[in-house]
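Q: What follows is a single structure, and I will ask about it in a moment.
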Amino acid sequence: MSAADLAPPSERSERAQIARAAGIIMVGVILSRVLGLVREQVTALLFGTGDAVAAFTIADNVHTMLFDLVISGMMQAALVPVLSAYAAPAQREELRRIVGALLMLALLVVGGVVLVMELLAPWVVAGMTALGGGEQARGPETVELTIRLVRLILPAVLLLALSTILMSTLYALERFTQPSLSLAVRNAAIVAAALALGRSLGVASLVIGILAGAGLLALIQLSGLRDAMPRLNFGFGHPAIRRILLLYLPIFLGLFTNTVALVIDRNLAWGVGEHALGAMRYATALNQMILGLVAAATSLAALPTLSRHFADGNEDAYQRTLATGLKLVTIMVVPATLGLAAIGWPAVALLFYHGATDLEGARAIWIALLGYLPGTFFAAFDQVLIFAYYARQNTRTPVLVGVLSVAVYFAVALSLVRPLGMLGLVLGNSAQFIGHTLVMWLLLRRALGRVGDGTVGPALRSALLAGGAMALLVLLITQVLAGIRSPEEAGLSWRLLQVAIPVTGGAAVYWLGLRLLGVEEARLLWQAARARAALLLAVAGRQPR
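Residues 191 to 735 in the working numbering are what the sequence shown lists, from first letter to last.
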């Protein structure tokens, strides 16, 4: 009999509930990230890694940074923890009024900010590219294209802000289906727009897809709130809204620091080589797939439960839930990062080495991918640790640590960008994530006396043991297949086999290793993902509270 079998029924039920919720989110995130990779493949096929993609990347970064600053970071830090306190059926009417006031506030504030940014677009683009040479680095035509794309993409920020509020409401109600699946719809809209309009509109087709996807995102969230439809009002003085804004203030300050770092990063990348921005973009897409599958699913599934345990003063239950989240992250992030490191070049060749992306561009993507992976490993754990603070309605500590980690980025990136170029910027990003995670772990352990319930360490050791065996097998198979025909010389079918064969063998070895080592969360997650995948194929209805 395992330790999991000896756990109290309530603890087993809660672990299973978190795993089921993580399974729901993971299914949605898998769909979203797969379509996200397809989106980047289509972008690489049509536009390569050169100036057009650099212009789109800057415009996309501007809209993402603005979205993060005005509301995105608010979801996990403030919206979900605060709205969870009003999610009981008896408080549903009050929840509707709170959410309605938040939507009205977003319309006024975010709408005004978007309008101002439209007017300031040339100066915004100059601020993103001047340190990297501006027109001298890529020519006036590329800069003018960037300005046009920025103006076109900015309205998506308002649509995404409204979607985030609605999505947070669904998470607070523990309804995970619509938020999870809608992200896939957004990426599908971008892919469809690029394929339909890419030849005629160029990279502007990607922006059209972003606008359409943002609108669809909002509509899908509304479908999950039929019994809790927000009531628009001007009640900005409600205690919940004041609490949300108070919690978000330090987050905003921290995001502002990160925004400064990203602006400098984009400036430097603009001038370190033709392929840098495109390669970093595509490599980031692969790494974001890992974070999406691992950290986002587990963290968002556990956040409402962590918030509830903290509100109830149940510290033991809080620690158990935190441990479950960390262990679920462990068993997913270890094979994802080790496996991708082992199969990196065949994967890049399969996904991106086609169409407008030449061999030099593809190799730049591979180099960026390898540089990002160490940071991705730590960032997955970092997300859970950050949410552990958010659940305790402590947003100040992650922000202060974030400021410190930005200093780490500057120290590493500015030291390495001259000798290493693009790779120096990528390694600076990894150093930032590693530093943030380690400091967050140490501070949380100091504040709580422990992190988790003592089961995280054994799970990590088991995952590393199984993952190490998996990575060695994947690397061996990859080398054997490359000896027959290298990925850059192979056709599409052979490239697909060079990825599919080692991935299949590695996954089997890893899963067998986890089961032999008795990692209980592996079984829970597999059962949850399998059950939810089957259900979501048949039913798209909302999850009952």
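Just so you know, even glycine gets a beta-carbon here, dropped at the ideal spot from N, CA and C.
1. Following the continuous alpha helix (DSSP H) through S358, name the residue where it begins and the one where it ends.
2. Between the segment 405-419 and the segment 358-368, do three or more beta carbon pairs fall short of 8 Å?
3. Among V347, R456, R389, A394, whose alpha-carbon lies nearest the alpha-carbon of G405?
4. Three or more beta-carbon pairs under 8 Å between the segment 344-358 and the segment 296-314, yes or no?
5. Under DSSP, the alpha helix (DSSP H) around F567 begins and ends at which residues?
6. Which whole-angstrom value describes the C-beta separation of R640 and Q509, a residue pair presumed to lie in contact below a C-beta threshold of 8 Å?
7. Leaving aside the five residues before and after G695 along the sequence, list all residues of the same chain whose C-beta is less than 8 Å from its C-beta, in chain order.
8. Considering H465, what are the terminal residues of the alpha helix (DSSP H) in which it resides?
9. Assuming H544 is part of the alpha helix (DSSP H), what are its boundary residues?
10. Using only the alpha-carbon positions, how far apart do F567 and V217 sit?
11. Please state if the CB of T239 and the CB of T527 are separated by a distance shorter than 7 Å.
12. Just verifying my parser: in three-state terms, what is the DSSP assignment at G392?
13. Are three or more beta carbon pairs between the segment 458-475 and the segment 234-252 nearer than 8 Å?
14. Specify the secondary structure class of M307 as computed by DSSP and reduced to three states.
15. Suppose you measure from the CA of L559 to the CA of E334; what does that come to, to the nearest Å?
16. Select from G388, Y276, S395, I441 the residue whose C-alpha is nearest the C-alpha of Y580.
17. Using only CA atoms, which one of L221, V219, T233 lies nearest to A473?
18. Return the chain-ordered list of same chain residues with a C-beta closer than 7 Å to the C-beta of G317, the five sequence neighbours on each side being excluded.
19. Can you say whether L490 is buried or exposed, counting buried as having 16 or more other CB atoms within 10 angstroms of its CB?
20. I need the straight-line Cα distance from G657 to R651, nearest angstrom please.
21. Report the three-state DSSP secondary structure of L490 (helix, strand or coil).
22. On the three-pair Cβ rule with 8 Å, is the segment 594-604 touching the segment 278-291?
23. Could you check where the alpha helix (DSSP H) with G618 kicks off and where it finishes?
24. Quick test of the definition: if touching needs 3 or more C-beta pairs under 8 Å, does the segment 336-347 touch the segment 393-403?
25. Determine, using beta-carbon pairs with one atom in the segment 508-524 and one in the segment 421-439, whether at least three such pairs fall under 8 Å.
26. Would you check if there are 3 or more beta carbon pairs closer than 8 Å linking the segment 621-634 to the segment 681-691?
27. Since W460 and A552 are thought to touch, with beta carbons under 8 Å apart, how far apart are those beta carbons, to the nearest angstrom?
28. Are T585 and L435 touching if we call contact CB-CB under 7 Å?
29. Can you check which of these residues, L293, V228, T332, is closest to V243 by C-alpha distance?
30. By how many angstroms is the C-alpha of F577 removed from the C-alpha of L256?
31. Give every residue of the same chain whose Cβ lies closer than 6 Å to the Cβ of A451, excluding the five residues on either side of it in the sequence, and list them in chain order.
32. What does a CB cutoff of less than 7 Å around V589 pick up in its chain, not counting 5 residues either side in sequence?
33. Among L293, N377, L273, which residue has its Cα nearest to the Cα of Q231?
34. Please determine, among L686, V228, S372, E710, the residue with the shortest C-alpha to C-alpha distance to L385.
35. In its own chain, which residues sit with a C-beta less than 7 Å from the C-beta of V524, not counting the 5 before and 5 after it?
36. Would you give the residue range spanned by the alpha helix (DSSP H) that T514 belongs to?
A: On the basis of the coordinates in this document:
1. By 1-based counting over the sequence shown, the position of residue 358 is 168. Its alpha helix (DSSP H) spans residues 345-362.
2. yes
3. Stepping through the sequence shown from its first residue, residue 405 is reached at position 215. Closest by alpha carbon: V347.
4. yes
5. By 1-based counting over the sequence shown, the position of residue 567 is 377. Where F567 is concerned, the enclosing alpha helix (DSSP H) stretches over 549-581.
6. Locating residue 640 in the sequence shown gives position 450, counting from the first residue. Locating residue 509 in the sequence shown gives position 319, counting from the first residue. Yes, they are in contact, since the Cβ atoms of R640 and Q509 sit about 7 Å apart, within 8 Å.
7. Locating residue 695 in the sequence shown gives position 505, where the first residue counts as 1. Excluding sequence neighbours, G695 sits near L663, V664, I667.
8. As a first step, residue 465 must be located in the sequence shown, where it is residue number 275. No alpha helix (DSSP H) holds H465; DSSP gives it neither H nor E.
9. Position 354 of the sequence shown, counted from the first residue, corresponds to residue 544. Element bounds for H544: n/a, residue is neither H nor E.
10. One-based indexing of the sequence shown puts residue 567 at position 377. One-based indexing of the sequence shown puts residue 217 at position 27. The straight-line gap from Cα to Cα measures roughly 21 Å.
11. In the sequence shown, residue 527 corresponds to position 337, counting from 1. In the sequence shown, residue 239 corresponds to position 49, counting from 1. Result no, Cβ atoms of T527 and T239 do not sit closer than 7 Å.
12. Translated into positions along the sequence shown, residue 392 becomes position 202. Residue state, collapsed to three classes: coil.
13. yes
14. Here residue 307 corresponds to residue number 117 of the sequence shown, with the count starting at 1. Note: M307 maps to helix in three-state DSSP.
15. Numbered from 1 along the sequence shown, position 369 holds the residue referred to as residue 559. Numbered from 1 along the sequence shown, position 144 holds the residue referred to as residue 334. Using only the alpha carbons, I get a separation of about 30 Å.
16. Here residue 580 refers to the residue found at position 390 when the sequence shown is read from its first residue. Of the listed residues, the one whose Cα sits closest to Y580 is I441.
17. Position 283 of the sequence shown, counted from the first residue, corresponds to residue 473. If we check each option's Cα against that of A473, T233 comes out closest.
18. Position 127 of the sequence shown, counted from the first residue, corresponds to residue 317. Excluding sequence neighbours, G317 sits near V453.
19. Counted from its first residue, the sequence shown places residue 490 at position 300. Summary for L490: the model assigns pLDDT 49, below 50, so the residue's position carries little reliability; its value from the coordinates is reported in the next sentence. Buried, by the Cβ-count rule.
20. The sequence position of residue 657 within the sequence shown is 467, counting from 1. The sequence position of residue 651 within the sequence shown is 461, counting from 1. In a straight line, the C-alpha of G657 is about 10 Å away from that of R651.
21. Numbered from its first residue, the sequence shown carries residue 490 at position 300. Any answer about L490 is weak, because its pLDDT of 49 lies below 50 and its placement is not dependable; what the coordinates show is given next. The answer is helix: DSSP assigns L490 an H, G or I state.
22. no
23. If you number the sequence shown from 1, residue 618 lands on position 428. 612-638 is the span of the alpha helix (DSSP H), which, as asked, contains G618.
24. yes
25. no
26. no
27. Looking up residue 460 in the sequence shown gives position 270. Looking up residue 552 in the sequence shown gives position 362. Wrong, their Cβ atoms sit about 21 Å apart, outside the cutoff.
28. Along the sequence shown, read from residue 1 onward, the residue named residue 585 stands at position 395. Along the sequence shown, read from residue 1 onward, the residue named residue 435 stands at position 245. Not closer than 7 Å, so no.
29. Residue mapping note: residue 243 aligns to position 53 of the sequence shown, counting from 1. Among L293, V228, T332, the Cα nearest to that of V243 belongs to T332.
30. Counting from 1 along the sequence shown, the entry for residue 256 is found at position 66. Counting from 1 along the sequence shown, the entry for residue 577 is found at position 387. So the two alpha carbons sit approximately 22 Å from each other.
31. Position 261 of the sequence shown, counted from the first residue, corresponds to residue 451. So the qualifying residues of the chain are V596, Y599.
32. Locating residue 589 in the sequence shown gives position 399, where the first residue counts as 1. Once the five neighbours on either side are set aside, the close Cβ partners of V589 are P440, I441, L443, G444.
33. Here residue 231 refers to the residue found at position 41 of the sequence shown. The candidate whose alpha carbon is nearest that of Q231 is N377.
34. Residue 385 sits at position 195 when you count from the first residue of the sequence shown. Of the candidates L686, V228, S372, E710, the one whose C-alpha sits nearest the C-alpha of L385 is V228.
35. If you number the sequence shown from 1, residue 524 lands on position 334. The answer, listed in chain order, is A653, L654, G657.
36. Stepping through the sequence shown from its first residue, residue 514 is reached at position 324. 505-532 is the span of the alpha helix (DSSP H), which, as asked, contains T514.
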